[in-house]
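Under our numbering, the first residue of the first sequence carries the number 7, and numbering increases by one thereafter. To start, the structure under review is shown below, and the notes come after it.
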Amino acid sequence: MNSDNKEVRVRFAPSPTGFLHVGGFRSALYNYLFAKQHKGTFILRIEDTDQNRLVEGATEGLINVFTNMGVHYDEGPMIEEGKLVAKGDFGPYIQSERLDLYKNHANELLSSGKAYRCFCTPERLEMVRAQMQRDKQPPKYDKHCLSLSTDEIEKRVAAGEKSVVRLNVDSERGEIAFTDHVRGEVKIHAREVDDQVLMKSDGFPTYHLASVVDDHLMKISHVIRADEWLVSTPKHILLYEAFGWEIPEFAHLPLLVNMERKKLSKRQGDVAVEDFLKAGYLPEALTNFVALLGWNPGEGETQEKFSLEELVDRFDLSRVQKGSAVFDVVKLDWLNNLYIRALDNKELVERVRKGFLSEHIESLSLMGVKDLSDEQYEKMAELAKERMKKLSEFFELSKFFWKAGEYEAADLVWKHSDAEKTLENMRAVEAILEGLDMSAFESVEALEKAVMPLADERGRGDVLWPVRYALSGQKASPSPFEIMWVLGKEESLLRLDLAISALSV
RNA sequence: GGCCCCAUCGUCUAGUGGUUAGGACGGCAGAUUUUCAUUCUGCAAACCGGAGUUCGAUUCUCCGUGGGGUCACCA
């Protein structure tokens with residue numbers, strides 16, 4: 007295609023009607039990857055032409071998601087010092103600020119006869135559609151208002167009657183064909199194309215007009231968007247032709263679907279990027295995962311973990327899958343864990359503290375439990391890493407470090423042991439620990455070296471289970487040595503002491 | 001319903017006119033193990049169906065089936 011000799015300019019154009027959906031994010035990501043790979047420009051454009059669906063703050067939300075995800079656009083609305091500003095030479099990038107442009111272009115089509123004014127009421131349109139359905143015809147507008155005389159149109163407009171502007175589709179035009187970078191040759195007959203409304207009666211354009219006008223004015227080279235737009239592409243091509251503009255390249259991406267293989271949509275639980283972030287998924291893991299939904303590097307490649315830079319390098323539009331892909335959270339969990347493990351402890355602590363800890367720390371502090379040191383946090387991170395699928399799981403996995411879990415003294419006894427032996431073993435370990443230098447608690451190995459001989463002699467389960475249980479108060483936890491390593495000598499002995507007296511009574 | 005699109009393990013996918021159809025997630029079994037998690041080993045698991053082309057089709061063609069998308073003054 008001409009992606010090699012044309013300056014690549016692509017865009018992601020969401021409507022600010024809520025949160026950014028992971029499917030939308032993937033479209034944005036593919037646009038981004040394609041742009042970066044071709045040293046092109048990635049643009050964010052806000053399509054707020056539906057006044058009824060606008061959601062307060064949604065544009066800012068969208069911008070923040072891109073910031074949080076580390077997918078940066080070159081042109082578009084950005085937030086600077088708390089204010090929305092347009093960056094780039096092709097603005098404004100918010101469609102509601104471009105209304106005159108659409109109106110002028112609609113007028114151009116009106117005077118060239120490529121479009122016409124329509125005064126039909128919603129009721130009449132409904133009737134026409136119903137009739138066509140009954141006649142087993144594709145439900146299209148019947149061009150009723152095309153026959154209106156110029157005089158009459160002027161009179162009705164002057165009288166303040168509401169009207170829309172429709173595209174005048176010539177159904178004799180035959181097949182409208184285009185080459186899609188993902189789908190290949192696509193042909194749709196002009197008779198299937200409706201006289202689409204271009205300008206609504208409220209003076210706002212519809213998506214079709216606005217996106218074509220903007221894509222042209224913003225010099226968009228490749229329109230990379232979701233598959234749901236495939237069938238309306240002929241309308242857009244007709245518009246480019248009506249204006250006499252060059253037609254951009256198209257690539258329609260397969261849909262992201264749920265387990266029922268239906269289009270992933272809001273109202274189905276967590277589908278917003280923000281939801282995933284809040285749930286404790288790392289931006290880089292989510293990006294990696296979503297990139298692989300519908301695309302893969304092929305050639306027998308078995309690598310699955312890709313940084314954004316690697317994706318930019320490897321991405322290939324022609325390798326994008328044609329069929330839809332199921333968003334499988336279980337595999338995302340696996341990938342997220344991989345990313346968590348790759349983080350260094352300091353970084354992991356930082357990320358956990360950022361949004362997954364403060365509430366817990368607050369309630370602990372209300373209970374009079376004091377917070378742990380930075381050093382302890384890093385050790386906890388080291389231990390939690392391999393057990394954590396999401397950042398949000400850190401507290402649950404580590405909570406016993408602040409305060410040992412409540413337990414029944416009887417549970418201190420290992421399944422193959424009895425209370426007497428357990429007590430004896432715990433006292434023996436306590437004695438060993440008491441004799442240890444503080445520095446022994448700096449390393450898991452040193453602690454192991456000190457206690458393991460006893461454990462091997464008396465039975466590992468018999469010695470280690472009660473000690474671990476006494477330290478954690480939990481049936482599942484890291485090893486006793488790892489826990490002591492975090493807690494330090496004093497706290498470890500304290501907990502052991504408590505357990506011994508609990509079992510003694 | 002019209003039109004359009006799609007089709008390899010449950011899921012994401014690799015792959016080829018001749019392969020033991022490969023990998024990953026998940027599942028199952030086992031090893032390690034004081035518990036959980038790791039780690040390691042092994043196992044089960046797919047070319048939607050039918051014709052045609054061909055010496056030979058999972059691969060190419062057609063038909064069918066299934067699934068999906070779209071048919072707004074929403075994007």
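Glycine residues also receive a C-beta, built at the ideal position from the N, C-alpha and C atoms. Since the structure is predicted, the reported quantities are computational estimates derived from the model, not experimental observations.
Asked	Found
Residue of D443, L107, A456, A476 minimising C-alpha distance to G411	A476
Contacting residues, own chain, Cβ-Cβ under 7 Å from A34 (five flanking each side not counted)	F18, V77
Paired residues, beta bridge with F18 - DSSP	L50
Best match in D148, L317, F282, V318 for proximity to V336 [C-alpha to C-alpha]	F282
Residues near L2 in its chain [Cβ-Cβ closer than 7 Å; skip 5 each side]	No information on residue 2 is available, as it lies outside the stretch 7 to 511 that the chain covers here.
Distance between D141 and F210 (C-alpha atoms, nearest Å)	33 Å
Through-space distance from V163 to K109, alpha-carbon basis	15 Å
Straight-line gap, L68 to A348 (C-alpha atoms, nearest Å)	28 Å
Bridge partners - L90, DSSP secondary structure assignment	I85
Assigned secondary structure, H44 (DSSP; H/G/I helix, E/B strand, else coil)	coil
Minimum length 4: unbroken alpha helix (DSSP H) runs contained in the region 441-510	450-464, 466-478, 486-510
The beta strand (DSSP E) enclosing A121, as first and last residue numbers	121-124
Inter-residue CB distance, T293 and M84 (contact presumed, cutoff 8 Å)	That pair is no contact at about 20 Å.
Assigned secondary structure, K269 (DSSP; H/G/I helix, E/B strand, else coil)	strand
Collapsed DSSP secondary structure at T185 in the structure displayed	strand
Assumed close pair I52, V16 - CB separation to whole angstroms, cut-off 8 Å	Incorrect: roughly 16 Å between the Cβ atoms, too far for contact.
Per-residue burial, L372 [other beta carbons within 10 Å of its own, 16 or more giving buried]	exposed
Alpha-carbon spacing of D95 relative to L244, whole angstroms	27 Å
Residues that M2 bridges to, as DSSP identifies them	Outside the displayed span of the chain (7 to 511) sits residue 2, for which this structure offers no information.
Coil, strand or helix - W340 by DSSP	helix
Host alpha helix (DSSP H) of K284 (start-end)	279-284
Span of the alpha helix (DSSP H), counted from its first residue to its last, around R357	351-361
Rounded separation between E86 and Y287 - CA only	27 Å
Given 8 Å, three or more beta-carbon pairs between the region 386-405 and the region 420-437	no
CA nearest to the CA of I489, picked from I159, E266, A64, E384	E384
For L363 and K391, believed in contact at Cβ under 8 Å, the rounded distance	The Cβ separation is near 16 Å, so there is no contact.
Beta-carbon proximity of S313 to E13, cut-off 8 Å	no
Which of helix, strand or coil DSSP assigns to A331	strand
Proximity winner among E496, L389, K149, L317, relative to K352 (alpha-carbon distances)	L389
Buried versus exposed, by CB contacts within 10 Å (16 or more), K42	buried
The region 168-176 / the region 123-131 touching (three or more Cβ pairs under 8 Å)	yes
Supposed close pair F333, L299 - CB separation, criterion 8 Å	7 Å
Spatial neighbours of G329 in its chain, beta-carbon cut-off 7 Å, leaving aside the 5 residues before and after	P260
Proximity of L270 and V473 at Cβ, strictly below 8 Å	no
For W301 and S485, the rounded distance between their alpha carbons	41 Å
Extent of the continuous beta strand (DSSP E) to which A165 belongs	Careful: A165 lies outside any beta strand (DSSP E) and carries neither H nor E.
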